[in-house]
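Counting from 761, one number per residue, gives the positions in the sequence shown under our numbering. Glycine included, every Cβ here is placed at the ideal spot set by N, Cα and C. As the structure is a computational prediction, the values presented were derived from the model and not from experiment. Please read the structure below before turning to the comments.
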Amino acid sequence: KNPRYCLFGDTVNTASRMESNSEELRVHCSEKAARLVAEQDPSLRLVSRGAIPIKSKGVMSTYWLQPPGLPRAGSISAASPESPPAPGDGARAPSSVSTV
């Protein structure tokens, strides 16, 4: 007998919306997820996708996870002033992040 899991709530809804608004073979994440990624692994690059309308969520600032080897234009890192806001600072948007 296999265990069954029931996942629900805002996190699952946001993850679903990021997937449905993404492009093939790209990692699309919310601003909150981008902050956590930048904090946990500063070597990973995040590029602002800009503010986009997300069904049932409104307009959200979202980010692409930039694969290694691609140009750094528009990228942000945890150590730069363009980094996403620190965790817990949900009201502040990244400062001067370039869009793709």
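CB of residue i within 8 Å of CB of residue j, strictly
{"i": "Val819", "j": "Pro813", "result": "yes"}
Best match in the options for proximity to residue i [C-alpha to C-alpha]
{"i": "Gly810", "options": "Leu804, Arg764, Cys766 and Ala794", "result": "Ala794"}
{"i": "Ser790", "options": "Tyr765, Arg764, Pro763 and Ala775", "result": "Ala775"}
Residues near residue i in its chain [Cβ-Cβ closer than 7 Å; skip 5 each side]
{"i": "Arg777", "result": "Ile814, Lys815 and Lys817"}
{"i": "Asn781", "result": "His788, Ile812 and Ile814"}
Residue interval of the beta strand (DSSP E) (run including residue i)
{"i": "Leu785", "result": "No beta strand (DSSP E) holds Leu785; DSSP gives it neither H nor E."}
{"i": "Leu796", "result": "That residue, Leu796, is in no beta strand (DSSP E); its alpha helix (DSSP H) goes Glu791 to Gln800."}
{"i": "Gly829", "result": "That residue, Gly829, is in no beta strand (DSSP E); it is neither H nor E in DSSP."}
Where the alpha helix (DSSP H) through residue i begins and ends
{"i": "Leu806", "result": "Looking at the DSSP string, Leu806 is not in any alpha helix (DSSP H); the run it does join, the beta strand (DSSP E), is Arg805 to Ile814."}
{"i": "Arg777", "result": "Asp770 to Ser780"}
Burial state of residue i (16 or more Cβ within 10 Å)
{"i": "Tyr765", "result": "exposed"}
{"i": "Val772", "result": "exposed"}
{"i": "Ala833", "result": "Bear in mind that the predicted position of Ala833 carries a pLDDT of just 49, short of 50, making it too unreliable to give a figure here."}
Cβ-based neighbour list, residue i, same chain, cut-off 8 Å, excluding 5 preceding and 5 following
{"i": "Glu779", "result": "His788"}
{"i": "Pro763", "result": "none"}
Chain-order list of residues whose beta-carbon lies under 6 Å from that of residue i (same chain, five-residue window excluded)
{"i": "Leu785", "result": "none"}
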